[in-house]
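Undergrad:
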Amino acid sequence: MGRYSGFIAMYATLASRDVDCCLIPSLFFLEGPGGLFEFAEKRLKENGHMVIVIAEGAGQDLVSQSIQSMDKQDASGNKLLQDVGLWISQKLKENFAKKKTLAITLKYIDPTYMIRAVPSNASDNVYCTLLAQSAVHGAMAGYTGFTSGLVNGRQTYIPFYRINEGQNKVVITDRMWARLLSSTNQPSFLTGKNVNEMKEEEAASKE
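Heads up, this note's numbering is the position in the sequence shown plus 61, with the first residue counted as 1.
This is the structure:
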């Protein structure tokens with residue numbers, strides 16, 4: 062699902078140009094040198110404010126999950142994730158309260174379902190029409206087990222097994238993520254070992 066990918070958070074951050082930190086479903090840590098807490102304190106001292114964008118599936122490994130919460134599902138039948146935004150908000154409050162270096166006022170906005178309920182525009186309507194027409198043409202031509210989609214600017218028939226082969230995620234060694242780091246001036250929250258491991262995983266997935 063898209064909530065494990067990080068693209069919405071990344072592109073929203075790039076479009077806003079007023080975000081100080083973006084966290085996606087990849088490795089990041091809170092405490093210690095180069096961690097989120099240290100960066101947040103530094104940015105607050107510099108600017109007096111800070112905006113953090115967190116992807117829905119980010120930091121799930123850091124959030125303690127109970128057996129009951131893992132079995133829960135939302136209204137759409139998707140696995141109900143722990144609210145990492147609330148969790149990190151609480152951790153930030155606890156960190157600054159313990160250090161007593163800064164008095165912060167934290168506001169948390171959860172747009173999880175709001176962004177999925179935005180009315181379609183003209184471009185969306187045209188695209189959906191093309192998808193529907195392509196699906197009908199494919200079915201009338203005798204094809205089964207496929208969906209229609211846009212690949213390299215062309216309407217195509219994509220077999221179901223191709224769609225289920227893997228999940229598209231933000232590649233933190235790619236140019237777009239580098240643009241985000243340049244825009245927010247945030248640390249990567251990764252060590253050299255983490256980057257090498259991710260490069261190896263990416264290379265293995267392409268083979």
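Note that beta-carbon positions come from the ideal geometry of N, C-alpha and C, so glycine has one too. Small disclaimer: the values here were computed from a predicted structure and weren't measured.
#1: Kindly give me the distance between the Cβ atoms of Q143 and V124, rounded to whole angstroms, as I take these residues to be in contact under 8 Å.
#2: Beta-carbon within less than 7 Å of Y204's beta-carbon, same chain only, minus the 5 sequence neighbours each way: which residues are those?
#3: Helix, strand or coil for G109, going by three-state DSSP, please let me know.
#4: May I ask you to report which of helix, strand or coil DSSP gives R78?
#5: Excluding the 5 residues preceding and the 5 following G146 in the sequence, name in chain order all residues of the same chain whose CB lies nearer than 7 Å to its CB.
#6: Give me the Cα-Cα distance between L241 and G214, rounded to the nearest whole angstrom.
#7: Using C-beta distances below 7 Å, list every residue in its chain close to I176, excluding the 5 sequence neighbours before and after it, in chain order.
#8: Where are the alpha helix (DSSP H) runs, 4 residues long or more, that stay fully inside the segment 135–199, in chain order?
TA: With the given structure in hand:
#1: Counting from 1 along the sequence shown, the entry for residue 143 is found at position 82. Counting from 1 along the sequence shown, the entry for residue 124 is found at position 63. Yes, they are in contact, since the Cβ atoms of Q143 and V124 sit about 4 Å apart, within 8 Å.
#2: The residue you call residue 204 lines up with position 143 of the sequence shown. Correct list, in chain order: Y218.
#3: For this step, residue 109 is matched to residue 48 along the sequence shown. Look at G109 here: in three-state DSSP terms it is coil, with no helix or strand label.
#4: For this step, residue 78 is matched to residue 17 along the sequence shown. For R78, the three-state secondary structure derived from DSSP is coil.
#5: As a position in the sequence shown, residue 146 is number 85, starting the count at 1. Counting only Cβ-Cβ distances below 7 Å, and skipping sequence neighbours, we find I115, Y169, D171.
#6: Numbered from its first residue, the sequence shown carries residue 241 at position 180. Numbered from its first residue, the sequence shown carries residue 214 at position 153. Roughly 25 Å between the two C-alpha positions.
#7: Locating residue 176 in the sequence shown gives position 115, where the first residue counts as 1. Here the set comprises I69.
#8: 145–160
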